[in-house]
Amino acid sequence: MRQKAFQIIGVIGVIISVVIFIKNPSFLTPDKLLVFLVFVFMIFKQAIEMLKRFLPFVAILLVYESFRGIADGLNSRVEYMWMPAVDRLLFGGTLPTTTLQNWWWMGQTNWYDFLFYLPYMLHFVLPIALAVYVWKRIPSKYWQLVLSYVLVSFIGFFVFLGFPAAPPWMASDLGYIEPIHRISSDVWWSLGVKDFPSFYNEISPNPVAAVPSLHAAYATLFALFITYLFKSKWRFISWIYPALIYIGTVYLGEHYFIDELLGAMLAIAVFYATPHIAKILQHAAKKLQNKYRLRTPNKQRMGYFVLF
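Everything in the sequence shown is counted per this note's numbering, starting at 4 for the first residue and increasing by one.
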């Protein structure tokens, strides 16, 4: 009877969550996704099991988001010129953002603006969705996936801390580069959010966390894991997602091309390094476990949880 009640609560929770999102669109952050997943797994009587696996992952992402919000306050020297200089060097003296906006921006939102912005909104959604799938279908690879995203996130944080870098729209607003339109604000205006700057500051408290682009890094990791874990020839379609991120964030005025390139390179490096790091951590965990067993009487031992 109790399980039936929890299933009903799960169904009601899912419906309410969807209705709230439709009426008040917002960024799908890890905390919101965790609440939604709890309701979903309550329906299938697996909420506790899901929390055991995903609470550490989501908690680490939330800690990263909190750290990211203070990074700009710890280093006030913001870089405005290096990124556009590199982009101009790579693209014959012209900013790719300027080129793309000259081609596509018509002064009002078009369907392709939403097409480019949708992947940007899925920044946390697709990695967590992939983590759910891997947990259920390929559990041996779950912690490798989680470790990859955690490493990318915290490497990104330390770079943001040492090298705060402004995105194109901010550099343009402050007169460092030519006029760049922040198309994201028009997309949200079309969705009913009239004060986009205030809304954005609430969900992304550090506006100078542009290098490397973690949107590019997360998307690249997503496609790398899809390509690695699945054998179907259709797995390569997953690269459409990072391609839309690479092009879209530059076009929307959120990133320079070099931000995207460095984010993708970070993801590739972490992807190939993670299995080796996992082995090192596993070996260290086993040594600690053996040391504990030698020092602790059987009756006092507690169970150990090895991540990898």
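Glycine included, C-beta positions come from ideal geometry on N, C-alpha and C.
Inter-stretch contact at 8 Å, needing at least 3 Cβ pairs: the segment 98-111 / the segment 252-266: Yes, the segment 98-111 is in contact with the segment 252-266.
task: Say whether the segment 268-280 touches the segment 145-152, bearing in mind that this needs 3 or more beta-carbon pairs closer than 8 Å, one atom from each stretch.
output: Using a Cβ-Cβ distance cut-off of 8 Å, the segment 268-280 and the segment 145-152 are in contact, since at least three pairs of beta carbons, one from each stretch, lie closer than that value.
- request: Could you pull out every residue in the same chain whose Cβ sits closer than 8 Å to the Cβ of Tyr-123, ignoring the five residues on either side in sequence?
  value: Result list for Tyr-123: Ser-187, His-218, Ile-248, Gly-251, Thr-252, Leu-255, Glu-257, in chain order.
query: Which term fits Gly-195, buried or exposed, when burial requires 16 or more other beta carbons within 10 angstroms of its beta carbon?
result: Classification for Gly-195: exposed.
task: Excluding the 5 residues preceding and the 5 following Val-81 in the sequence, name in chain order all residues of the same chain whose CB lies nearer than 6 Å to its CB.
output: Excluding its 5 nearest sequence neighbours in each direction, Val-81 has C-beta neighbours in its own chain below 6 Å: Pro-167, Ala-169, Val-211, listed in chain order.
task: Give me the Cα-Cα distance between Phe-160 and Ala-174, rounded to the nearest whole angstrom.
output: Going from the Cα of Phe-160 to the Cα of Ala-174 covers about 21 Å.
message: Which residue marks the beginning of the alpha helix (DSSP H) containing His-184, and which one marks its end?
response: Per DSSP, His-184 belongs to no alpha helix (DSSP H) and is neither H nor E.
- prompt: From this set, Phe-163, Ile-240, Phe-225, Tyr-275, which residue's C-alpha is nearest Pro-130's C-alpha?
  reply: Ranking Phe-163, Ile-240, Phe-225, Tyr-275 by Cα distance to Pro-130 puts Phe-225 first.
query: Considering only the beta carbon of each residue, do His-184 and Trp-106 sit closer than 7 Å?
result: No, they are not a contact pair.
message: So, with DSSP's three-state summary, where would you put Glu-82?
response: In the structure shown, Glu-82 adopts extended strand secondary structure according to DSSP, grouped into three states.
- request: Rounded to whole angstroms, what's the CA-CA distance from Asp-189 to Leu-284? Just pull it up for me.
  value: When rounded, the separation of the alpha-carbon atoms in Asp-189 and Leu-284 is 46 Å.
- prompt: Is the Cβ-Cβ distance between Tyr-231 and Met-86 less than 7 Å?
  reply: Not in contact: Tyr-231 and Met-86 (Cβ atoms no closer than 7 Å).
task: State the beta-bridge partners of Ala-168 as determined by DSSP.
output: The partner list for Ala-168 (beta bridge, DSSP) reads Glu-82, Ala-212.
message: Within 10 Å of its beta-carbon, does Leu-261 have 16 or more other beta-carbons around it, so buried, or fewer, so exposed?
response: A small correction: the amino acid at residue 261 is Ile; Leu does not occupy that position in the sequence shown. By the neighbour-count rule (16 or more Cβ atoms within 10 Å), Ile-261 is buried.
- prompt: Is Lys-290 helix, strand or coil by DSSP?
  reply: Residue state, collapsed to three classes: helix.
task: Please determine, among Ser-193, Pro-171, Ser-156, Ala-270, the residue with the shortest C-alpha to C-alpha distance to Phe-117.
output: Per the Cα distances, Ser-193.
query: Assuming Gly-266 contacts Thr-223 under a Cβ cut-off of 8 Å, what Cβ separation, rounded to an integer in Å, is found between them?
result: For a cut-off of 8 Å, the C-beta gap from Gly-266 to Thr-223 is around 7 Å, short enough to register as a contact.
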